[in-house]
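Input: a single structure, listed below in structure tokens.
Chains as they are written, first to last, in the numbering used here: chain A, 371 to 991; chain B, 1427 to 1877.
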């Protein structure tokens, strides 16, 4: 049996990768430890969130599945940051932990060219620095042209609770014990990372009267650009909010030395995420804070676990009992699953190209937590890109590299391969310097074209995109043409706006903060009927034109630097004037453009000048 | 697409004309903005124009402007050159205006680099440019950081800290909107916080010592009893440096007797001219009048006579200047010594003879030491970097103004933050801090988040 692509791992990265290559007619095998655990959500029961929600939209625009599957698996959904500005709006959904994996599995199973196999991969077949397939635990070899590793936290994973360390992955699954050592043997730098997850509490043991209710939005949302909502607003399941008490803090401080991370175990080497500290970290680091916020999030309609968000810990079980019982409403709570920390191996991501192919082993791609990231959405988008680029490689085409001004996905991958990671990497809006361009609302306008070009977006959807673009331009032009006269001043006054002296285009009028398209329609100043998403685009572009133009100008600078390519075979040791730190960093990261080189820490502007002169001289670029 | 760069391309010093060169797509437009005629953008290529450089409506200098359009120029980009006539301080001000209006200060060797990259210079010269960039970068980097005095630098660090706390607060509200226990940065709060930042930036701009030194020079008061040789010393200093007496706005020119330049820094010598007129009444010596002059000065030179003993008046003057930068110059070194220097601070004594023109160099060295010339004036770059700092501060103020307008229009915080981030970056480049993960680090150290 021969495959073109083998995807190792059935998590969010693996699913997207396998679907992408199979959809593109490349015979694909997905190898996973346990089929029933495909696309599970081992940590929080939510998809999306700030920045991450935009990534889900980007995945959808490119032809990935996460958004569509999430839309079918919602418990609750809301738009975050509505008032804080158009660039930072993002969807966050509570997704059902039973339905989501089931829906994703259905998609995988009905996908042509895709087979799924239960097994653990322990080694790769490698010839002349080129991957040729995988070797399973039982020694069986499976041959393929491309291998995509999406092993998540399963490389030599250890579960840590108090003073116990157990070699296993999430859900008590078997980890891969040798794959990371073998990768090291092939020349990869392996790092050890750590993350954690909080307790799951039996729902009927919680007194919800002592909590504050947090409901979903009262308007419909979908992640996907193609879906109609498949839920009922009224049927959304709420979350609940509580706070830690002084008693909680006392228990934690008294038992601190029993936490794995504070002395319970003395062999911790993994580096945990800064943005996801355990509750003991929070209490130690923020001594002055009297209470910390916790969320009670439902995991599923089909079982009763409540996810205790914010209470992740590596305390022993008996201390966890005391801690949980000190919380309001949880005095008699039953812990169905204890919190734990998990340590796992990952590869240092500067060893990757921006296509997510590794630099030292040809045709080997990696995506997801193995690359040092954290989060379902971060994993899924890398899986999709790895899948797309694996296919393009098989087709002898140039890889799809998204730029920092095009997508959060571009920001994420560029950060990984250019800067490396210190702790598990989470996307934040503040990581995106052009975030005003990378909005929730325009993900399709930014990326669908690429999805179409690589073959994951079909003609119908592409036609819809072209129509949308046309309508946007049409409306923009109309608004520039149509003028109002001082005759309409009474309406302006009514809307709290200053009167005009001469003719004034609707376009310019919409720049005024107090004027909205809706108000103009309501007052019969205009009568153009367009879909709400067309109006949204047009209005955003008019209202924030100045800021958007500024961002676009900045982005142009970036693009011109990205277009200055650095040849792959360049030998930095030949550039005599280059500072030695720059030589070393450039040789390690091997940027593909001057734009990428600038972002490498330790490479200063003078080095860039010298590099560009050298390129001009040697390659006449 | 290259940005537009500017630099003073003549050696700074005593020369009568300084030339500022501007290269890039926006060169003509930017220069046009700061001319009185506003007609430079209508010029045909390779022409010279008589004009005035203005800051809003205020005339800064009378200049000749050469316009050379691409591609027949040194860099193959549009080049504009401004011939300034008003001396160093004025040239510096013109440069500052250019930077505030959208130019970037050229890096060492950057014009040549562009000439090469645009195919104007042949390959053999490339190595030379690389060496040049290499050797000059270290100096200029140090300059960019060190030329801001410790005090100013700390003020800027403080400001950046205040700004980054606001930024982290906004970011945490955006990235962790579910945290209800984290205070939300509202437009109201932002408005209060930025007005305090605005005041501080204005304050730094006003007080910025180096800015003042570069723009206006150091005011030096020459004091001492009559006949100790004040005029002779002044003449010595002037003679040696071929003083140019220019009319520089903002200096205490009413008192300025002459201007000398040491290593590119202007010294405005404030002679006690008034005192000489009243020297009939020896007793009153004009100590009272001197006080005023002392207050106006950055440096006091107390002149004593080697040939005479120290008098009550000398002691009284010493008492007046003890908290200022001062140098005790003992003149008439050529005569027999009668002076008792026990009561003087020996570190601050310089012996000269104005008559023989000796010891003047030592005096200059002392002045350089007191004002840390090494740090602020390794070369002509000082002026550039200073104009750069000042323009960065002014650009910060412009951005602050944009925030205020945005606040008035009730723009969402995400838009307002763009300008605030810009200010934070501008301030960072003044003191050479541009660590990009700073904000994210701050986010996680200031707020408590997690699953």
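All residues carry an ideal CB built from backbone N, CA and C; glycine is no exception. This one's a predicted model, so the numbers in the text were calculated from it and none came from an experiment.
{"Item": "So what does DSSP say about residue 1611/B, is it helix, strand or coil?", "Value": "coil"}
{"Item": "Based on the DSSP output, what are the partners of residue 373/A in its beta bridges?", "Value": "514/A"}
{"Item": "Decide if the segment 413 to 420 of chain A is in contact with the segment 383 to 395 of chain A; the criterion is three or more beta carbon pairs, one per stretch, under 8 Å apart.", "Value": "no"}
{"Item": "With residue 492/A as the anchor, note down where its beta strand (DSSP E) starts and where it stops.", "Value": "491 to 497"}
{"Item": "To the nearest angstrom, how far is the alpha carbon of residue 913/A from that of residue 1841/B?", "Value": "11 Å"}
{"Item": "Write down the C-beta distance between residue 925/A and residue 804/A rounded to the nearest angstrom, noting that I regard them as a contact closer than 8 Å.", "Value": "5 Å"}
{"Item": "Do residue 518/A and residue 749/A have their C-beta atoms closer together than 8 Å?", "Value": "no"}
{"Item": "What runs of the alpha helix (DSSP H), each 4 residues or longer, lie entirely inside the segment 659 to 732 of chain A?", "Value": "687 to 695"}
{"Item": "Taking contact to mean at least 3 C-beta pairs separated by less than 8 Å, is the segment 599 to 617 of chain A in contact with the segment 661 to 675 of chain A?", "Value": "yes"}
{"Item": "Contact criterion: CB-CB distance below 8 Å. Does residue 1804/B meet it with respect to chain A?", "Value": "Reliability of the predicted coordinates at residue 1804/B is poor, the pLDDT of 34 falling under 50, and the value obtained from them is presented with this limitation in mind. For residue 1804/B, the answer is no, since every Cβ of chain A falls outside 8 Å of its Cβ."}
{"Item": "Alpha carbon to alpha carbon, how far is residue 1429/B from residue 987/A?", "Value": "22 Å"}
{"Item": "Could you check whether residue 1729/B and residue 1646/B sit closer than 8 Å to each other, using their CB atoms as the reference points?", "Value": "no"}
{"Item": "Of the residues that make up the segment 386 to 410 of chain A, which ones have a beta carbon closer than 9 Å to any beta carbon in chain B?", "Value": "none"}
{"Item": "Counting only beta-carbon atoms, is residue 904/A nearer than 8 Å to chain B?", "Value": "no"}
{"Item": "Taking C-beta pairs closer than 9 Å, name the residues in chain B that residue 989/A reaches, listed in chain order.", "Value": "What residue 989/A touches in chain B: nothing, since even the nearest Cβ is about 12 Å away."}
{"Item": "List the DSSP bridge partners of residue 503/A.", "Value": "495/A, 513/A"}
{"Item": "Pairs of beta-carbons, one from the segment 670 to 690 of chain A and one from the segment 619 to 639 of chain A, closer than 8 Å: are there three or more?", "Value": "yes"}
{"Item": "Would you list the one or two residues that DSSP bridges to residue 567/A?", "Value": "710/A"}
{"Item": "With a CB to CB cut of under 6 Å and the five nearest residues on each side skipped, what residues in its chain are close to residue 795/A?", "Value": "742, 743"}
{"Item": "With distances taken from CA atoms, which of 1464/B, 1791/B, 1531/B is nearest residue 1483/B?", "Value": "1464/B"}
{"Item": "Which residues bound the beta strand (DSSP E) around residue 528/A?", "Value": "528 to 531"}
{"Item": "Residue 1435/B by DSSP, collapsed to three states: which one?", "Value": "coil"}
{"Item": "Per DSSP, what are the beta-bridge partners of residue 842/A in this structure?", "Value": "For residue 842/A, which the question treats as bridged, DSSP gives no partner whatsoever."}
{"Item": "Please decide whether residue 986/A counts as near chain B, where near means a Cβ-Cβ distance under 8 Å.", "Value": "yes"}
{"Item": "Given residue 1445/B, which residues of its chain have a CB within under 8 Å of its CB, disregarding the five upstream and five downstream residues?", "Value": "1434, 1435, 1436, 1507, 1508, 1509, 1510"}
{"Item": "Quick check on the burial criterion: 16 or more other C-beta atoms within 10 angstroms. Buried or exposed for residue 409/A?", "Value": "buried"}
{"Item": "Which full runs of the alpha helix (DSSP H) of 4+ residues lie inside the segment 725 to 808 of chain A, going along the chain?", "Value": "746 to 764, 778 to 789"}
{"Item": "Report the neighbours of residue 455/A on chain B: residues whose CB is nearer than 9 Å to its CB, in chain order.", "Value": "1600, 1837, 1838, 1839, 1840, 1841, 1842, 1843"}
{"Item": "If distances are taken between C-alpha atoms only, which option among 1481/B, 1542/B, 1598/B comes closest to residue 1500/B?", "Value": "1542/B"}
{"Item": "Residues of chain A with CB closer than 9 Å to the CB of residue 1866/B, please, in chain order.", "Value": "644, 645, 798, 800, 801"}
{"Item": "Which class does residue 969/A belong to by DSSP, given the choice of helix, strand or coil?", "Value": "coil"}
{"Item": "Hey, would you say residue 777/A sits closer than 8 Å to residue 428/A, going by beta carbons?", "Value": "yes"}
{"Item": "Straight-line CA distance for residue 586/A to residue 975/A?", "Value": "49 Å"}
{"Item": "Cutting at 8 Å between CB atoms, please list the residues of its own chain near residue 1590/B, excluding the five before and the five after it.", "Value": "1850, 1864, 1865, 1868"}
{"Item": "Taking residue 465/A as part of the beta strand (DSSP E), name the residues at either end of that continuous run.", "Value": "460 to 465"}
{"Item": "According to DSSP, is residue 398/A part of a helix, a strand, or is it coil?", "Value": "strand"}
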